[in-house]
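Colleague:
Protein chains: 2
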Amino acid sequence: MTALNTTTDELVERLRAGEPRALARAITLIENGEEEGSALVGAIFADTGAARVIGFTGPPGVGKSTLIGALTKQLRETDQTVGVLSVDPSSPFTHGALLGDRIRLAEHFLDPGVFIRSMASRGALGGMAEAALQAALVMDAAGRDYVLLETVGVGQAEIDVIDHADTVVLALMPGSGDSIQALKAGVMEIPDVIVVNKSDHPLTDTMIREVKTALALSPDRGWRIPVLRTEASRGEGVTELREAIEAHRAHIEAEGTLAERRARNLRAEVIGIATARLRRQLEAQALADGEIEQLLDRVVRREIDPARAARELLEKRAQ
Amino acid sequence: MTALNTTTDELVERLRAGEPRALARAITLIENGEEEGSALVGAIFADTGAARVIGFTGPPGVGKSTLIGALTKQLRETDQTVGVLSVDPSSPFTHGALLGDRIRLAEHFLDPGVFIRSMASRGALGGMAEAALQAALVMDAAGRDYVLLETVGVGQAEIDVIDHADTVVLALMPGSGDSIQALKAGVMEIPDVIVVNKSDHPLTDTMIREVKTALALSPDRGWRIPVLRTEASRGEGVTELREAIEAHRAHIEAEGTLAERRARNLRAEVIGIATARLRRQLEAQALADGEIEQLLDRVVRREIDPARAARELLEKRAQ
């Protein structure tokens, strides 16, 4: 283990003290892929695990950001500190389009108890998710009571940010027909809490019924998934959401599945990060290494098939 | 290159002759991950590239299978041979639930010009997608004029079956709000042709307008994406769909982008297959190798962070 230099040492101290500017600086280092960022995460990892990590997923446009804003407001009323990390390219946080009445988080910008950060996820699969997980760890180490992760529900990536959460909230709205179908068909992972947002919509009751029907088809996991209605822009149903999140937390703590879930998630993260790095290495090699370039060209000329080329590529690396 | 044994030689000959039973046998070998399957794909790969590969994606329940069935009927009317490969766990093909009036493909089961095969995609990320791509290659080599790939639109996997297609058709229906939002937000890949199926629905016009609005926000790629309405269960709009697919084909041939797209896809396949294999190796090692097990346990005990553990894992492999 290399000794940290004094700047990093100082940053670690300031992070542990929960300084928002240190948090911002740390995440920038991570985002830029700097060595110091990795050293920092290594230094603070032992301090992580106290934060409650809540993941918010769901299709674009359902109001995940508004929901997170409203929940943040609730959490602040009982003095809980909050870190928000958005890795949804369709999120208004990520776009930086902070239109007052649309995004309730705007009111939190001057509150040091709320730290908001977004990452653009488009394209950069492994690299971005890896950085997001590290940023979540840093928020945790900086003493945030809650870390709220916002991500668009696409799934099946090498590393999935949502897999880092203790509790996964799926946000839907009337009109989220595709998500319902995906739940029904068993194509979508079953979340821990479901929220139907924008519940002033006339089709909300129908939607809630459909969600419940879809859930009835999924295997019993010992936890009855609550289906809540919220109108996040007016703060309605947010108390119930907070209660459901806390009930889920109590459930997994009581069952011992919190520790189990975290162990499984951390292991999957290691494998996922390693896989994503190997992929980036392969891609870089394919561009830089004439032999690999030739191998790929032979596939394009249909001289050797893709699976054989993949095998040769791996054998070449192993040499 | 190892010499193929006589059984494989014979199978290759029967495949080249387009024998449906040889095709079924070949795909079973591939699906079971047998060495003979790989040898076979290696032997026939030079014969591939003639088939038109059309990918169908979209949320569960929009009627992709019915659409594929109706298109198959059209293609058979002009004596085109068809191979259908479903890698959508929500597809009726995959479920084997062939209810006569629901699935128009049932009428093709006795036609040797139509070959239907499904693969269950749940969970098995790399392995399944790899097998599906090989199955598509075998159908191509067996002289199928069209290979139709059905897949649920999840994306971002290590290997994505849809990336193997020359033309990607996105199927939607009134109620596909999530997909529209994803298109608008730029979270979903832009397809080549969009079909709004079940067009007897009263909200079809609204849906088509929304699709067009979403497309208007996407960058101009030189190809005007047609937005078609179909009622696949009655065969309506299927001629237009076929024409749109052929127009897209003519467009990419004329522009020279067909060759470019195929080269890019094949290269991505090689990297994707190699990555998926590396991931499986890592997972197997994590289970079998005591040292890696210890490394992962240290992460769970928060002694070393996930990124550092991933680095150590890769260093250990490199030794």
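So the sequence lines, in the order shown, correspond to chains A and B. For the first sequence, the numbering used here gives the first residue as 154, with consecutive numbering after it. For the second sequence, the numbering used here gives the first residue as 154, with consecutive numbering after it. Ideal Cβ positions, reconstructed from N, Cα and C, are used throughout, including at glycine.
Which of helix, strand or coil does DSSP assign to S244(B)?
Modeller: If DSSP states are grouped into helix, strand and coil, S244(B) belongs with coil.
Colleague: Give the residues of chain A in contact with E436(B), contact being defined as C-beta atoms less than 7 Å apart.
Modeller: Going along chain A in sequence order, the residues near E436(B) (Cβ under 7 Å) are I424.
Colleague: Quick check on T210(B): does DSSP put it in helix, strand or coil?
Modeller: DSSP places T210(B) in strand when its eight states are reduced to three.
Colleague: Please classify R461(B) as buried or exposed, where buried requires at least 16 other C-beta atoms within 10 Å of its C-beta.
Modeller: Buried, since its Cβ has 16 or more Cβ neighbours within 10 Å.
Colleague: Can you find the residues in the same chain that come closer than 8 Å, C-beta to C-beta, to V346(A), ignoring five residues on each side of it along the sequence?
Modeller: T320, V321, V322, L323, I378, P379, L381, L394, A397, I398 and H401.
Colleague: Between which two residues does the beta strand (DSSP E) carrying A324(B) extend?
Modeller: Taken as a continuous stretch (DSSP letters only), the beta strand (DSSP E) holding A324(B) covers T320 to L325.
Colleague: Have a look at the DSSP bridge pairing and note the partners of S191(A).
Modeller: DSSP lists no partner for S191(A).
Colleague: Quick check: G190(B) and A429(B), are their CB atoms within less than 8 Å of each other?
Modeller: Cβ atoms of G190(B) and A429(B): not closer than 8 Å.
Colleague: List the residues that DSSP assigns as beta-bridge partners of I347(A).
Modeller: Partner(s): L323(A) and V380(A).
Colleague: Quick one: what does DSSP say I457(A) is sitting in, helix, strand or coil?
Modeller: Looking at I457(A) - three-state DSSP - the assignment turns out to be coil, as it is neither helix nor strand.
Colleague: Taking all protein chains shown into account, do 16 or more other C-beta atoms lie within 10 angstroms of the C-beta of P490(B), making it buried, or fewer, making it exposed?
Modeller: Because chain B in this structure spans residues 154 to 472, residue 490(B) falls outside the shown range and cannot be described.
Colleague: When you compare the CB of E468(B) with every CB in chain A, is at least one pair closer than 8 Å?
Modeller: Output row for E468(B): interface = no.
Colleague: How do the stretch 443-455 of chain B and the stretch 438-452 of chain A stand: do at least 3 beta-carbon pairs fall below 8 Å, yes or no?
Modeller: Judged by Cβ distances under 8 Å, the stretch 443-455 of chain B makes no contact with the stretch 438-452 of chain A, as fewer than three pairs qualify.
Colleague: Note down, in chain order, all residues in the stretch 330-364 of chain B with a beta-carbon under 8 Å from any beta-carbon belonging to chain A.
Modeller: Taking 8 Å as the Cβ-Cβ cut-off against chain A, the residues of the stretch 330-364 of chain B that qualify are G330, D331, S332, Q334, A335, K337, A338, G339 and V340.
Colleague: Check whether the Cβ atoms of V300(B) and L220(B) sit closer than 8 Å, and answer yes or no.
Modeller: Contact flag unset, no.
Colleague: Under a three-way DSSP split, which group does R205(B) fall into?
Modeller: Of the three classes helix, strand and coil, the one that applies to R205(B) here is strand, per DSSP.
Colleague: Any residues in the stretch 180-197 of chain A with a beta carbon nearer than 7 Å to a beta carbon of chain B? Which ones, in chain order?
Modeller: Per Cβ criterion, the list reads S191, V194 and G195.
Colleague: Please state whether DSSP places L238(A) in a helix, a strand or coil.
Modeller: Strand at L238(A).
Colleague: What does F268(A) pair with, by DSSP beta-bridge criteria?
Modeller: Paired residue(s): G236(A).
Colleague: Using 8 Å as the threshold, is the C-beta distance between L168(B) and A294(B) below it?
Modeller: Taking 8 Å as the Cβ cut-off, L168(B) and A294(B) qualify as a contacting pair.
Colleague: Do you know whose CA, among L228(A), L286(A), A385(A) and S218(A), lies nearest T305(A)'s CA?
Modeller: It is Val, not Thr, that sits at residue 305(A) in the sequence shown. Measuring from the Cα of V305(A), the nearest candidate turns out to be S218(A).
Colleague: Considering only the alpha carbon of each residue, which of D458(B), G443(B), I207(B) and A199(B) lies closest to I426(A)?
Modeller: Answer by Cα proximity: D458(B).
Colleague: Examine chain B for any beta-carbon lying closer than 8 Å to the beta-carbon of Q287(A), and answer yes or no.
Modeller: Yes, because at least one Cβ of chain B sits closer than 8 Å to the Cβ of Q287(A).
Colleague: Leaving out the 5 sequence neighbours to the left and right, which residues in its chain are closer than 8 Å to V194(B) when beta-carbon positions are compared?
Modeller: These residues qualify, in order along the chain: I183, Q287, L290 and V291.
Colleague: Evaluate contact between the stretch 331-347 of chain A and the stretch 219-239 of chain A, counting only Cβ atoms and requiring at least three cross-stretch pairs below 8 Å.
Modeller: Verdict: no, contact absent.
Colleague: Can you check whether the C-beta of R461(B) is within less than 8 Å of a C-beta belonging to chain A?
Modeller: Closer than 8 Å: yes.
Colleague: Exposed or buried, A250(A), counting other C-beta atoms within 10 Å across all chains shown (16 or more means buried)?
Modeller: Confidence is the limiting factor: at A250(A) the pLDDT is only 41, short of 50, which leaves the residue's position unreliable, though a coordinate-based value still follows. By the 10 Å Cβ count, A250(A) comes out exposed.
Colleague: Spatial neighbours of M154(A) within its chain, please: C-beta separation below 6 Å, excluding the five flanking residues on both sides.
Modeller: Model confidence at M154(A) stands at a pLDDT of 43, short of 50, so the residue's coordinates are unreliable; what they give is reported in the following sentence. Answer for M154(A): no residue qualifies.
Colleague: Can the beta-carbon of A235(A) be found closer than 8 Å to that of V314(A)?
Modeller: The identity of residue 235(A) in the sequence shown is Val, whereas the question assumes Ala. No, these two residues do not count as a Cβ contact at 8 Å.
Colleague: Determine whether the Cβ of D122(A) lies closer than 8 Å to any Cβ atom of chain B.
Modeller: Coverage of chain A is limited to positions 154 through 472, which leaves residue 122(A) absent and any answer about it impossible.
Colleague: Helix, strand or coil for E468(B) per DSSP?
Modeller: Helix, per DSSP.
Colleague: For T225(A), return the contacting residues in chain B, with the cut-off set at a CB-CB distance below 7 Å.
Modeller: In chain order: nothing, as chain B lies at least about 22 Å away.
Colleague: For L263(A), name the three-state secondary structure that DSSP assigns.
Modeller: Looking at L263(A) - three-state DSSP - the assignment turns out to be coil, as it is neither helix nor strand.
Colleague: Have a look at L440(B) and E465(A) and give me their C-alpha separation to the nearest angstrom.
Modeller: Computed Cα separation, rounded: 25 Å.
Colleague: Quick check: what's the CA-CA separation for L176(A) versus G202(A)?
Modeller: So the alpha carbons of these two residues sit roughly 17 Å apart.
Colleague: State the start and end residues of the unbroken alpha helix (DSSP H) segment that holds E184(A).
Modeller: Start and end: P173 to E184.
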